[in-house]
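Participant:
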Amino acid sequence: MKLHHLPLLTCVACGQAIATEGYELFYREVENGIDPYISRLSVTQRYLRIDDLSEQQSSGFMLFDAENNTIYSVSHQDKSILVMKPFAYDTPALSDKLVHQDSVLPDAPTIAGKQVHHYRVALEDETISELCTSVQYVPGLLPAVGKILHAWQQVISGNQVKILDRTPEEYRTPCMLSDQVYNRGDYYAKGIVIQEWHSNGKQRVLQDYRKKQFDQSLFELPKDYMHFSLDDTRPLP
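Per the working numbering: the sequence shown = residues 1 to 237.
#1: With distance defined between alpha-carbon atoms, name the residue in S103, D51 and T91 nearest to Y72.
#2: Mind reading off the beta-carbon distance from I192 to Y137? Whole number of angstroms is fine, and I expect it under 8 angstroms.
#3: One question on the structure: do D181 and N69 come within less than 9 angstroms of each other, judged by their Cβ atoms?
#4: To the nearest angstrom, report how far apart A13 and A151 are at their CA atoms.
#5: Given this structure, state the Cα-to-Cα distance separating V104 from Q213, to the nearest angstrom.
#6: Just to confirm, does R46 get its C-beta within under 8 angstroms of one of the non-hydrogen atoms of the ligand SAM?
#7: Tell me whether D215 sits in a helix, a strand or coil according to DSSP, three-state version.
#8: Within the same chain, show all residues whose beta-carbon is closer than 8 angstroms to that of P222, passing over the 5 residues directly before and after it, in chain order.
#9: Looking at the structure shown, is D52 part of a helix, part of a strand, or coil, going by DSSP?
#10: Using the Cβ count rule (16 or more neighbours within 10 Å means buried), how would you classify Y23?
#11: Among the residues of its own chain, which have a CB less than 7 angstroms from the CB of L218, if the five just before and after it don't count?
#12: State the Cα-Cα distance for the pair L149 and I128, rounded to the nearest angstrom.
#13: Assuming contact is defined by CB atoms lying nearer than 9 angstroms, are V99 and A122 in contact in what I supplied?
#14: From A108 to D224, what does the alpha carbon distance come to, in whole angstroms?
#15: Please work out which residues of its chain come closer than 6 angstroms, Cβ to Cβ, to L131, disregarding the five sequence neighbours upstream and downstream, and give them in chain order.
#16: Between V135 and D231, what straight-line distance do the alpha-carbon atoms span, to the nearest angstrom?
#17: May I ask which residues mark the beginning and end of the alpha helix (DSSP H) holding G33?
#18: Kindly indicate the opening and closing residues of the beta strand (DSSP E) around L123.
#19: What's the gap between the Cα of G33 and the Cα of W197?
Spelled out as structure tokens, the structure:
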């Protein structure tokens, strides 16, 4: 894995145009029912943009604006933008069998002189051991990237809670709820994630990252697209 320890994000002015410095990260993504693909995360202090670099990359992108704490899912095919705003919630007690662990992986090679940690959530007792979430991360590496990913995940989680009533009761297991609904992504705040696995089969592995100077237009939304929300399919004002 080609990893480099890089300085924190900054913004620089170039004449009348403003270029934004940040990081470009590449992950190999695996989801059930589709071929593995590479995603590109473009990260600055304010924005996170996620692009699918498969053949369908022109279909759209995801954009998170940390200033207004809002996610925009852009579809070029429909000329629409799904808007996800924060949704506050309290995490209920899911199960006393849920175990949270965070430990050093002693045999893993260090990255930028730092040891890899393993965070896991599992449903365990004398008769069952079901893995819910498994994340490997490097503590203290690229903290600005981890900060914006943590904020992103909290918005994702809140919106999953908002539409939880659409999920049949029989699928709302403690593992599913912990991993896919009430998952605030606190591991992102600890360091850069190099590998993660979730109970719905989604996986991602970091392939590379590098410092990048972005044109500000990369983080602009298309004009004249219809805006809508998860709980209201009518266009937003």
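A virtual CB, placed ideally from N, CA and C, is assigned to each residue, including glycine. Computed from a predicted model, the values in this text were never measured in an experiment.
Facilitator: In terms of the structure at hand:
#1: D51
#2: 6 angstroms
#3: Looking at the sequence itself, residue 181 is Val, so the reference to Asp does not match. It is not a contact, given that the beta carbons lie outside the stated cut-off.
#4: Residue placement at A13 is flagged as unreliable, the pLDDT there being 37, under the threshold of 50; a coordinate-derived value is accordingly withheld.
#5: 33 angstroms
#6: Questions concerning the ligand SAM fall outside what the structure shown contains, since it holds no ligand whatsoever.
#7: Correct three-state label for D215: strand.
#8: Taken in chain order, the residues that qualify are V74, H76, K79 and I81.
#9: In the structure shown, D52 sits in a strand (DSSP, three-state: E or B).
#10: buried
#11: S42 and R49
#12: Spanning the two alpha carbons is a distance of roughly 32 angstroms.
#13: Yes. Within cutoff.
#14: 49 angstroms
#15: A122
#16: 31 angstroms
#17: Careful: G33 lies outside any alpha helix (DSSP H) and carries neither H nor E.
#18: H117 to E124
#19: 16 angstroms
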